[in-house]
Amino acid sequence: MTDTIVAISTAHAKGAISIVRMSGSLALDIAKKVTDISFKPREAKLAKFYDGDELIDIVLVLYFQAPKSFTGEDVVEFHCHGGLAVTKMVLDTLVKHGARIALAGEFTKRAFLNGKIDMTQAEAIAKLIDTKSKQSVKILSKQLRGSLGEFTNKIREDLIEIMAYVEVNIDYAYEDLPPDLVSQIIDKLNAIKDTLHKTLIASKKREGMFNGYKVAIIGKPNVGKSTLLNNLLNYNRAIVSDIAGTTRDTIEEEITLANHVIKIVDTAGIRDKTNDTIEKIGIERSKEALNQSDIVIAIFDSSREFDSEDMEIVQLLKNTNKDILVALNKTDLPPKLDTTLLEEFKPISITKYDSDVVERKLEEILENYEYEENILITSRQIQQVQKAYDEIVESFELLNSNQLELFSYHIQNAIMYIASITKPFEHDEMLEKMFGTFCVGK
Ligand SMILES: Nc1nc2c(ncn2[C@@H]2O[C@H](COP(=O)(O)OP(=O)(O)OP(=O)(O)O)[C@@H](O)[C@H]2O)c(=O)[nH]1
Ligand SMILES: [Mg+2]
476 MTDTIVAIST AHAKGAISIV RMSGSLALDI AKKVTDISFK PREAKLAKFY DGDELIDIVL
536 VLYFQAPKSF TGEDVVEFHC HGGLAVTKMV LDTLVKHGAR IALAGEFTKR AFLNGKIDMT
596 QAEAIAKLID TKSKQSVKIL SKQLRGSLGE FTNKIREDLI EIMAYVEVNI DYAYEDLPPD
656 LVSQIIDKLN AIKDTLHKTL IASKKREGMF NGYKVAIIGK PNVGKSTLLN NLLNYNRAIV
716 SDIAGTTRDT IEEEITLANH VIKIVDTAGI RDKTNDTIEK IGIERSKEAL NQSDIVIAIF
776 DSSREFDSED MEIVQLLKNT NKDILVALNK TDLPPKLDTT LLEEFKPISI TKYDSDVVER
836 KLEEILENYE YEENILITSR QIQQVQKAYD EIVESFELLN SNQLELFSYH IQNAIMYIAS
896 ITKPFEHDEM LEKMFGTFCV GK
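Okay, so the sequence shown: first residue is 476 according to this note's numbering, each after it adds one.
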């Protein structure tokens, strides 16, 4: 018999209501001992909550009878008044009567182990709590209902069908195989391969959707990078001066744009001939910031001649696959910059007095991002799909050279990796680690 667990499921802060949740075989017995009501499943009842003879709170009680509950066990929820002290006293009383404080993610882990949800749904729950963008809420709530599980199950079934074709024909000589069978298998397998590939690309590209997209501001020294950061933040976060090399380290701040949380990174001006060691480190960091960003804002000073330092920025832009926004700054001053090499980036003009157009452009880029519904949301999911994809790629050769047994071996592996997305084969320690990243009470 497993322990009966209990935790405060709402945020640990002062609020109107706090929910204490208890799950396990003793839940109903304990609940009866601390309240003055009779219990009926799925009925909300107002109850006096006692610690012995002492009245602690008037609470709303909900009882979910196993297996029709989140965890699949008996669950009782106590909605108490939201003071920190009263909630803690309710919790302590339940512990006194035999419940144990839940570990992080233990409720969700039980839901998973009892087959109430699959692993993708458990992961969607964890992400939903952490996520910062409205777009990702839409995707995650679909996954919460099992959409990613359905998607991977369909792929699994298609692969099993291919296996079946092959197994039936494994004993035939190649010449005796139905003539169009191999081409049918290849078509099916190609379709699966393409779907997995598309999903992998979309998922890797859209990691920022959950954690906030990163936008790096780059440019040579003194072009107005920190000025733009301050304008986007609406306050003077970074030091701005006419001395080149003012910003020495990267500065990261968050803003919300078009329902997305964006992490804006201001960097040290990039130039190649500096002798200053600290500045050199800063420049390396700006290159790193560019590599880690989703969108790059490159700033050029329209009031100065185009020089080798600007050229270095152009080179960086040409060598990156990030979304690029080029801004010509200081357009309030007489123009001197030859913009020929920048035309391909369709530059926009800004000044320190008017940089709103940058926000609008950023919003445009974000709005144009395509959102695959079946995006993979954890690195675990990405890894497993990648492995399945690699197995399928490897199997193609073998089919062409009629090595059906080896082909079938690789397809089996692919099936196993796909299946593990919803039902990982990891042992208990592994599960503990996975659910340990959840918050307590989940
Ligand atoms: N006239 C004019 N001056 C500007 C404009 N934008 C920025 N400046 C000035 O340009 C100077 C440099 O601005 P910063 O924002 O510190 O430039 P930076 O790119 O962060 O410079 P580093 O940190 O040294 O790489 C400051 O004196 C700003 O006031 C603009 O649109 N017009
Ligand atoms: Mg700066």
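We treat Cβ as the ideally placed atom computed from N, Cα and C, and that holds for glycine. This structure is a prediction, so every number in the text was calculated from the model and none was measured.
- Under the three-state reduction of DSSP, Asn628 is assigned to helix.
- In the structure shown, Tyr828 falls within a coil segment according to DSSP collapsed to helix, strand and coil.
- Going by DSSP, Ser701 is part of the alpha helix (DSSP H) stretching over 700-708.
- Residue range 735-741 is occupied by the beta strand (DSSP E) that includes Asp741.
- Straight-line measurement puts the Cα of Val551 at about 50 Å from the Cα of Lys797.
- Here the distance from the Cβ of Asp831 to the nearest heavy atom of ligand 1 is not below 7 Å.
- Apart from sequence neighbours up to five positions away, the residues of its chain that approach Gln767 with a beta-carbon distance below 7 Å are Lys689, ordered along the chain.
- In terms of Cα proximity to Leu535, the closest of Ser500, Ala506, Lys602 is Ala506.
- The three-state secondary structure of Tyr538, taken from DSSP, is strand.
- Inside the stretch 790-869, DSSP marks whole alpha helix (DSSP H) runs of 4 or more residues at positions 831-843, from first to last along the chain.
- Shortest gap from the CB of Lys700 to any heavy atom of ligand 2: under 7 Å.
- Annotation for Leu732: Glu834, Leu837, Glu838, Leu841 place their beta carbon closer than 8 Å to its own, counting only its chain and skipping 5 residues before and after.
- If you check the CB distance, Gly624 and Thr595 come in under 8 Å.
- With contacts defined as CB atoms closer than 8 Å, Leu800 and Ile825 fail to qualify as a contacting pair.
- Our two residues, Phe910 and Asn589, have alpha carbons roughly 15 Å apart in a direct line.
- A direct Cα-to-Cα measurement between Thr477 and Pro516 gives close to 21 Å.
- For Lys523, the pairing in a beta bridge is given by DSSP as Ile533.
- The criterion of a C-beta distance shorter than 8 Å is satisfied by Gln887 and Met638.
- Distance from the CA of Ile852 to the CA of Lys613, rounded to the nearest whole angstrom, comes to 13 Å.
- For Ala691 and Ala764, the gap between their C-alpha atoms comes out near 6 Å.
- No Cβ-Cβ contact shorter than 8 Å links Ala577 with Ala486.
- Ranked by Cα distance from Glu729, the options Lys738, Tyr892, Thr479 are led by Lys738.
- By the Cβ-count criterion, Ser716 is exposed, with fewer than 16 other Cβ atoms from all chains shown falling within 10 Å of its own Cβ.
- Here Tyr525 really is in contact with Ile531; their C-beta atoms are around 7 Å apart, less than 8 Å.
- Sixteen is the threshold: since fewer than 16 other Cβ atoms of the shown chains lie within 10 Å of the Cβ of Thr815, the residue is exposed.
- Rounded to the nearest whole angstrom, the CA to CA distance from Gly683 to Arg575 is 37 Å.
- Nearest to Leu791 by C-alpha distance, out of Arg681, Glu759, Phe626, Asn804, is Glu759.
- Counting along the chain, no beta strand (DSSP E) covers Thr583; the unbroken alpha helix (DSSP H) around it starts and ends at 581-588.
- Relative to ligand 1, the beta carbon of Leu808 is positioned inside 7 Å of a heavy atom.
- Inclusion of Thr721 in the 7 Å shell around ligand 2 follows from its C-beta lying nearer than that to a non-hydrogen atom of the ligand.
- In this structure Val643 is not in contact with Leu874, their Cβ atoms being roughly 15 Å apart against a cut-off of 8 Å.
- For Ile492, the enclosing beta strand (DSSP E) stretches over residues 492-498.
- Of the heavy atoms belonging to ligand 1, none sits nearer than 7 Å to the Cβ of Gly547.
- Here Arg631 is buried, its C-beta having at least 16 other C-beta atoms within 10 Å.
- With distances taken between CA atoms, Asp528 lies nearest to Thr568 out of Thr568, Lys543, Gly557.
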